[in-house]
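Our numbering runs 22 ahead of the 1-based position in the sequence shown. Just so it is clear, CB atoms sit at the ideal spot from N, CA and C, and this is done for glycine as well. Step one of this worksheet: look at the structure below.
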Amino acid sequence: MSGTVPAAAPVLPIRGRLRPLGLDQVRITGGFWAERQSINSAATLPHIEHWIEREGWIRNFDLAVRGDLAHNRRGREFSDSEIYKLLEAMAWEIGRTGDAQLESRFRAVVRRVAAAQEADGYLNTRFGRPGQAPRWSDLEWGHELYCVGHLLQAAVARARTRPGADDGLFEVARRAADNVCETFGPDGIDGLCGHPEIETALVEFARVTGDDRYLTQAALFVDRRGHGRLSDVEYGREYFQDELPVREATALRGHAVRANYLAAGAADVAVDLKDTSLLDAVRNQWSNGVARRTYVTGGQGSRHQDEAFGEDWVLPPDRAYSETCAGVGSVMLAWRLLLADGDPRYADLIERTLFNVVSTSPSADGRSFFYTNTLHRRELGTLPDADRPSLRAAASLRAPWFEVSCCPTNVARTLASLTAYVATSDDEGLQLHQYLPGTIEHRLADGRDLRVSVATDYPHAGQIRVRIESDDDQPWSLTVRVPGWAAEGATLTIAGDTRPVGPGVVTERRTWRRGDEVVLSLPMAPRFTHPDARIDAVRGCVAVEHGPLVLALESVDVPDVETVDELRVDTSQPPRLVNGRVTVHCRRVHPREHDWPYRTDAVESTPTLGEGLDEVALVAYHDWANRGPSTMRVWLPTVR
């Protein structure tokens, strides 16, 4: 490892507009995200441990040592990656809390994994042993490189939170990374993985070790993609992003998780190699993907059959796949672009996705999950079997486990490392991107120590109070983000002077004294949101938002209505905040029954409106389905 102690953050580019602050510099002390991190630590991590043990996925490494894998292996071809994502989550959580009991559990898992590594560094329980398919024989679907990528990211998390730890994980990862470089280098197999992920991992591993071989290999994988090296499949090579070189692609497309992981890896390569054209291509893909292929929740992926992005404007709410892992991938990509450019649009999408996709997946108790995140549930869901993995990714209610359980582990590692996505620094000072109660510390290059604390009840209230906790006799800059949704009514108060501010960033440079405060006030009146007219599926509908939260109408809150599809919203009366909940005025419709569902008479085809209902309370989308089976919709038809 390099001589410097690495910062405790998942992404540490060697250059860029902004530099991330790690778990050792930012502390979350309360509020929305502190609660979710606590549940993640106390409930979700042991829940995942229980299921990977119960399903035999961790036992596969024990079988490899005993030579019993061929007929006894359990789990899908990529199940190794779930153990590595668990290790990554554990590493971040240990770095965050110093939990000694979790440290012991972490080391126990590492020992089992390390024992299965082969002499040349190869490590996989699905391929390469007697009675199994040969190594690297199924690059389209085998996920071998994908699994190595998650192993490397676990090792990076460990190196940055416990540098020099003697558990052996980093050496296991180094040997696996060396094996990849030897096997797939310029003189090796001219191939790549059907599921991008190794690219981001190799770049980060290069940053930790200071060894550019890993960066070179990541760049080689990025450049190989898009030239038809993978076999064609029923979904087309676009599924793998292998039909068009990364530099030529103009939008995120194909399998949504793969697309985000690839773009994130390409951004990493571009930044570290100063490859302007590659970074420009990724920026363009992100911009078009957000403008045309992203749900109001920040979710991505509208096609179920291939878990993929649809065409522009094809965003049906009831068929939203919006995989949780795609949301995690979207955060990964936007964060890298934010560090490279400093553009607050990236932080806006991160905020939207964290509040309305990542936090939606886990249940209130942290022990069941949505794999996909629909925006419209037409029928009451059915409770999944608590003792069996769900066979369907699109479960009607959160399930405790899935045969493909990539989402629980992805959520766990994201929540454990969330602190590292809050704030950044540059040579001038600090930038706050996400708002939560906490403390932020940073030492400038000239040795000056900067400290601030943040007090807020965001996202439930719009006041963010930033207090300077350090004295300095020289000026430095404090930057705060005004979210894009706060188009009107936001103000900034400094030293008793209040002024209006618009969406973007506001930077105040001055000589700060301990006790100085900056107060950002955001307009928190609930609001109707209207879709682009080109989104056919929700034309004539509105969504309701409250600060950064997308809201939903859930049948639990309208007990006299069989399904929320019977309701229409009266937009002549704006949504209101009543006793802590946002309400809207609705009217009930009564469809006309016919023996043929199409009419030439517009009146005959229009349902009749019943009496108006009292104000109906909405629920934060991330909280829906926590009160039992229900129908639900985000996009609400209006009274015409």
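Once you ignore the five residues that flank residue i on each side, which residues in its own chain have a CB closer than 6 Å to its CB?
| i | result |
| --- | --- |
| A369 | L360, H455 and R503 |
| E333 | none |
| A286 | T222, M354, L355 and R358 |
| L458 | I50, G53 and W55 |
Hey, how far is the Cα of residue i from the Cα of residue j?
| i | j | result |
| --- | --- | --- |
| L635 | R610 | 7 Å |
| A647 | P430 | 17 Å |
| M546 | F100 | 43 Å |
| H8 | P597 | Because the chain here runs from 23 to 662, residue 8 falls outside it and cannot be looked at. |
| T26 | D328 | The pLDDT assigned to T26 is 40, lower than 50, so where the model puts this residue is not dependable; a value taken from the coordinates is nonetheless given after this. About 43 Å. |
| R688 | G44 | Lying before the first or after the last residue shown, residue 688 is absent from the chain, which here runs from 23 to 662. |
| R14 | P505 | Only positions 23 to 662 of the chain appear in this structure, which leaves residue 14 out of reach. |
| F391 | D494 | 47 Å |
| V600 | H568 | 13 Å |
| I211 | C203 | 10 Å |
| T375 | G321 | 7 Å |
| R649 | V580 | 13 Å |
| R532 | Q496 | 8 Å |
| H398 | E140 | 48 Å |
| T630 | E615 | 11 Å |
| T446 | R470 | 16 Å |
| K8 | R358 | Here the chain covers residues 23 to 662 and nothing more, so residue 8 does not appear. |
| G171 | Q239 | 12 Å |
| E71 | C428 | 13 Å |
| D387 | S324 | 28 Å |
| E77 | A415 | 17 Å |
| P613 | S159 | 57 Å |
| Q595 | H552 | 15 Å |
| W618 | D587 | 20 Å |
| M23 | T147 | Unreliable placement is indicated for M23, whose pLDDT of 34 sits below 50; no coordinate value is reported for it. |
| L419 | I490 | 45 Å |
Just to confirm my understanding: we take residue i, look at its own chain, exclude 5 residues before and 5 after, and list those with CB closer than 7 Å. What are they?
| i | result |
| --- | --- |
| L437 | R58, Q59 and N62 |
| G38 | V293, L361 and A362 |
| T382 | F392, N395, Y643 and H644 |
| A187 | R180 |
| T272 | N306, Q307 and N310 |
Helix, strand or coil for residue i per DSSP?
| i | result |
| --- | --- |
| S309 | helix |
| P522 | strand |
| W498 | strand |
| G460 | strand |
| S381 | coil |
| R118 | helix |
| L34 | coil |
| E110 | helix |
| M354 | helix |
| Q322 | strand |
| Q263 | coil |
| A92 | helix |
| A137 | helix |
| P156 | coil |
| L43 | coil |
| A647 | coil |
Ignore the nearest five residues each way along the sequence and tell me which others in residue i's own chain have a CB closer than 8 Å to its CB.
| i | result |
| --- | --- |
| D121 | S63 and E115 |
| V132 | L109, D189, G190, L191 and V194 |
| Y261 | V255, G276, H277, R280, D328 and A330 |
| V380 | T346, G349, V350, V353, V433, T436 and L437 |
| V672 | Any question about residue 672 goes unanswered here, given that the chain covers just 23 to 662. |
Quick check on the DSSP output: the alpha helix (DSSP H) that includes residue i runs from which residue to which?
| i | result |
| --- | --- |
| T183 | E166 to T183 |
| A141 | From DSSP, A141 is part of no alpha helix (DSSP H); its letter is neither H nor E. |
| S543 | No alpha helix (DSSP H) holds S543; the beta strand (DSSP E) holding it covers E539 to S543. |
| Q59 | G53 to I61 |
| T222 | I220 to T231 |
| I70 | L67 to R76 |
| R235 | D234 to R246 |
| V48 | First-last for V48: V48 to I50, but that is the beta strand (DSSP E), not the alpha helix (DSSP H). |
| D294 | A278 to L295 |
| L191 | L191 to F206 |
Could you check where the beta strand (DSSP E) with residue i kicks off and where it finishes?
| i | result |
| --- | --- |
| T551 | R549 to T551 |
| L514 | T513 to I516 |
| L635 | Run containing L635: none; DSSP gives neither H nor E here. |
| A477 | D471 to T478 |
| R487 | Q485 to I490 |
At least one CB of chain C closer than 8 Å to the CB of residue i: is that the case?
| i | result |
| --- | --- |
| D493 | As a matter of chain content, chain C is missing from the structure shown, which is built from one protein chain. |
Report task. Could I get the ranges of all uninterrupted alpha helix (DSSP H) runs contained in the segment 568-632, with 4 residues as the minimum, in chain order? Result -> 624-627
Requested in this report: For the segment 374-452, list the alpha helix (DSSP H) runs that are entirely contained and at least 4 residues long, ordered along the chain.
Outcome: 428-438
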